[in-house]
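Worksheet: one structure, shown below.
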Amino acid sequence: MPKSHYRFNPESLSFDKIRLGIWAMLLRGFAYFVGSVIIAAVYYLIFASFVDSPKDKALLREIDQLTLQYDIIHREMDNIDKVIGQLQETDDNLYRTIFEAEPIPQTLREGGTGGINKFKELEGYNNSNIVIETSKRLDNIRKKVYVQSKSFDELISLAKRKGDMLGAIPAIIPISNRDLIHIASGFGLRIHPIYKIIKFHAGMDFTAPTGTDVYVTGNGVVSDVESSKRGLGNHITIDHGFGYQSIYAHLDRINVRKGQKVSRGDVIGFVGSTGLSVAPHLHYEIKVNGVNVDPVNYFFNDLSAAEYEKMIEIASKTGQSFD
Amino acid sequence: MRKHKYFLDLNDLQYKQVRLSLEKKLLRVILWFAGTIAVTLFYTSVFHNLFGSPKEALLNQQIDNIRLQYRLADRNMNNSLKLINSLRMSDEMRYRPVLDMDSLPESYRNPGFGGVDRFADLDGYGTSYLMKSARMKIEEMKDMVSIQDKSFSTVKDKAAEWKIEMDHLPAISPVDPSFRLGEGYHFRPVHPVYGDSRMHYGQDIEVPYGTKVYATGDGKIVEAGRNNGGFGNVIMIDHGYGLESIYGHLSKLLVPVGMNVKRGDLIGLSGSTGASTGPHLHYQINKYGQPTPAINFFNNDISQDEFNEMIQAFESKSKFR
């Protein structure tokens, strides 16, 4: 039996038994509980700040290691970026030395077509679909016009001719040039590599290693094959009909004979440096009715709109031709 | 005032104040401590079971933050990698083809890090992969930039050589291009002076007496004087790279033997000295000592005005040499 405790009551001068009501007991229990929680929290905080659990230790070690490695990576990256900066300068200098032109800005060079938002309104569509749709619509309009003015027989022969023409007109880049890195010099006034004066450059130069495939850019007939050590070196002239001719010069080897029929994409020869050329490259010319035109306008089958913009930009920037 | 507690002593039926001895007090304190610790342990285990350790959570969060930083670093690294690759493209697709250099073998470009695990000390963490892949990438990039650096320096050397070679090539017409070309490199049944049949090794250009003759490429004058072989007053320039150019039948020689000349330098005036029946220039190119058709070495694709412009440009450059 627990001992009862008494309290001295000075008013009645007697000892009263200490009796607790249910509420007081509950209050007391609650106070004990709160007290214990507070004490436990204090203990825990003191304990935790001095002692780490093995798991904590492992985590702390990991954090240390991560930080250390991060510092190393950071430092190394700084160094690497510095070296890359120097390399870019070297790259620019090499470009100036070899092409005698200001280097193409980094944004253009990094490949990819990011950043060019000129065609934002076309986003979300497949460009080729638009082109197809547009040309279809154009064809429809054309058809209507024709139908109104010509007989069906005439129309059919015209349509056929149109198809032939589309196949014949030069429309691709004569070498594989996915990233457009192979353009060395455009059409127009350029620094002549030997004369060092500004001279009219009748074609477009593509630098590529000796032996790179050269493709014919439209259907046609080989009208001239010349093996020469002069001027254009070994070169091929293709007659596409409809007034169009294309010339592929300084070839290392030639794959076709005079009079041979060729279709777009056939390999007709290989890049070289024959004739008066200072480096292996393909000199590509297009003539319309005997007059040289800018080949950059004849690559529409190969390029997306953005790539096309890029190609024009590069071709217009180059300083020196290679023949 | 502290209220005292009393108890009823059943032995003498008196109320006595509750007093505790020192030992009892001590015992009580110890018990109290033990109790609180036990309670703490109990609470902690319940709490950990329910919520996990707050410290651990804190540490894990720190690790997550670092992870994020690693991800940002990785993005930077990828950017740098892109830059390195663009340099490599420039190197392989632009410069090497122009300079007719082979591209670096793939094995040289990708030496590989296989075999020994260089970062074994990073094993055993939850983030081992993160750290190792980042370090590997760094190492890879270090190798890439050092290879690119070496590659560029060879390209640079080659480009300088190429420029020099291009300047040395006898690649222009020795006289104003509007003059008519005469006989070229061919077998001549009847020599106009000697009357016998022999090879004609040069390219004749029909120029009037006293026409300015220019060096067609950089080089050194190795011969300047009368020649008994029929060339009359002749100049020979050694261009290096196995090429020599010869200018025959000159009326006047304007350069001494041993002089270094640049393309476009005036070296003499044309004439009709030696075995010649009329004023003309005999222009010959020897490759490794053997005559070769000189016509292959220049293009008459340049107008008189352009030619003069070119010569003037070369002259003005020469002044600052």
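First to last, the sequence lines map onto chains A and B.
Numbering of the first sequence is given in this note's numbering, commencing with residue 1 and proceeding in unit increments.
Numbering of the second sequence is given in this note's numbering, commencing with residue 324 and proceeding in unit increments.
All residues carry an ideal CB built from backbone N, CA and C; glycine is no exception.
Item	Value
Local conformation of B:Tyr598 per DSSP, three classes	For the record, residue 598 of chain B in the displayed sequence is Ala; it is not Tyr. In this structure, B:Ala598 counts as coil in the three-state DSSP scheme.
For B:Ile528 and A:Tyr195, believed in contact at Cβ under 8 angstroms, the rounded distance	No, A:Tyr195 and B:Ile528 are not in contact; Cβ-Cβ is about 18 angstroms, not under 8 angstroms.
Proximal chain A residues relative to B:Ala396, where beta-carbon distance stays under 9 angstroms	Tyr70, Ile73, His74 and Met77
Sequence-distant residues of its chain with Cβ nearer than 6 angstroms to A:Asp302 (five each side left out)	Ile172 and Ile173
Supposed close pair A:Leu232, A:Gly259 - CB separation, criterion 8 angstroms	A:Leu232 to A:Gly259, Cβ: 20 angstroms. No contact.
Test: B:Ser403 CB closer than 8 angstroms to a CB of chain A	yes
Per-residue contacts from A:Glu309 into chain B (C-beta, under 8 angstroms)	The contacting residues do not exist; A:Glu309 stays about 19 angstroms from chain B at best.
Within chain A, the residues that B:Thr359 reaches when beta carbons sit closer than 8 angstroms	Ser36, Ile39, Ala40 and Tyr43
Delimiting residues of the beta strand (DSSP E) encompassing B:Ser501	It is not in any beta strand (DSSP E) - B:Ser501 carries neither H nor E in the DSSP assignment.
Which residues DSSP lists as bridging B:Lys481, in chain order	DSSP lists no partner for B:Lys481.
Three-state class that DSSP yields for A:Gly29 in the structure shown	helix
Span of the alpha helix (DSSP H), counted from its first residue to its last, around B:Pro616	No alpha helix (DSSP H) contains B:Pro616, which DSSP labels as neither H nor E.
Per-residue contacts from A:Val278 into chain B (C-beta, under 7 angstroms)	Met489
Cβ-Cβ distance between B:Asn609 and B:Glu546 below 8 angstroms	no
Residue environment, B:Asp628, which counts as buried when at least 16 other CB atoms sit within 10 Å	exposed
Contact under 8 angstroms by Cβ, B:Leu492 with A:Asp91	no
Three-state secondary structure (DSSP) of B:Asn609	strand
Proximity of B:Gly587 and B:Phe620 at Cβ, strictly below 8 angstroms	no
Nearest to B:Pro602 (by Cα), restricted to the options B:Gly555, B:Met489, B:Asn433 and B:Ile353	B:Gly555
Burial state of A:Asn219 (16 or more Cβ within 10 Å)	buried
Anticipated Cβ contact below 8 angstroms, B:Arg390 with B:Leu453, distance rounded	7 angstroms
Backbone CA spacing between A:Gly112 and A:Arg178 [nearest angstrom]	Caution is warranted here: a pLDDT of 37 is assigned to A:Gly112, below 50, making its placement in the model unreliable, and the coordinate value is therefore given only provisionally. Their backbone Cα atoms lie some 10 angstroms apart in a straight line.
Own chain partners of B:Met324 with C-beta closer than 7 angstroms, once the 5 adjacent residues on each side are dropped	The pLDDT assigned to B:Met324 is 47, lower than 50, so where the model puts this residue is not dependable, and the model offers no usable value.
Residues sharing a beta bridge with A:Gly188, DSSP	A:His201
Proximity below 8 angstroms, CB of A:Gly175 to CB of A:Thr212	Residue 175 of chain A is actually Ile in this sequence, not Gly. Yes. Within cutoff.
Chain B contact residues for A:Leu94, given Cβ-Cβ distances below 9 angstroms	Ser413, Asp414, Arg417, Tyr418, Phe475, Val478, Lys479 and Ala482
Which of helix, strand or coil DSSP assigns to A:Arg253	strand
With 16 other Cβ atoms within 10 Å as the buried cut-off, status of B:Asn551	exposed
Every unbroken beta strand (DSSP E) within the segment 241-290 of chain A, with a cutoff of 3 residues, ordered by chain	244-254, 267-271 and 281-288
Bridge-paired residues (DSSP) for A:Thr237	A:Asp224 and A:Ile247
CB contact check: A:His182 to chain B, cutoff 8 angstroms	yes
Extent of the continuous alpha helix (DSSP H) to which B:Met659 belongs	Absent from the model: residue 659 of chain B. The displayed extent of chain B is 324 to 644, so no value can be given.
Alpha-carbon to alpha-carbon, B:Glu463 and A:His182	27 angstroms
Coil, strand or helix - A:His74 by DSSP	helix
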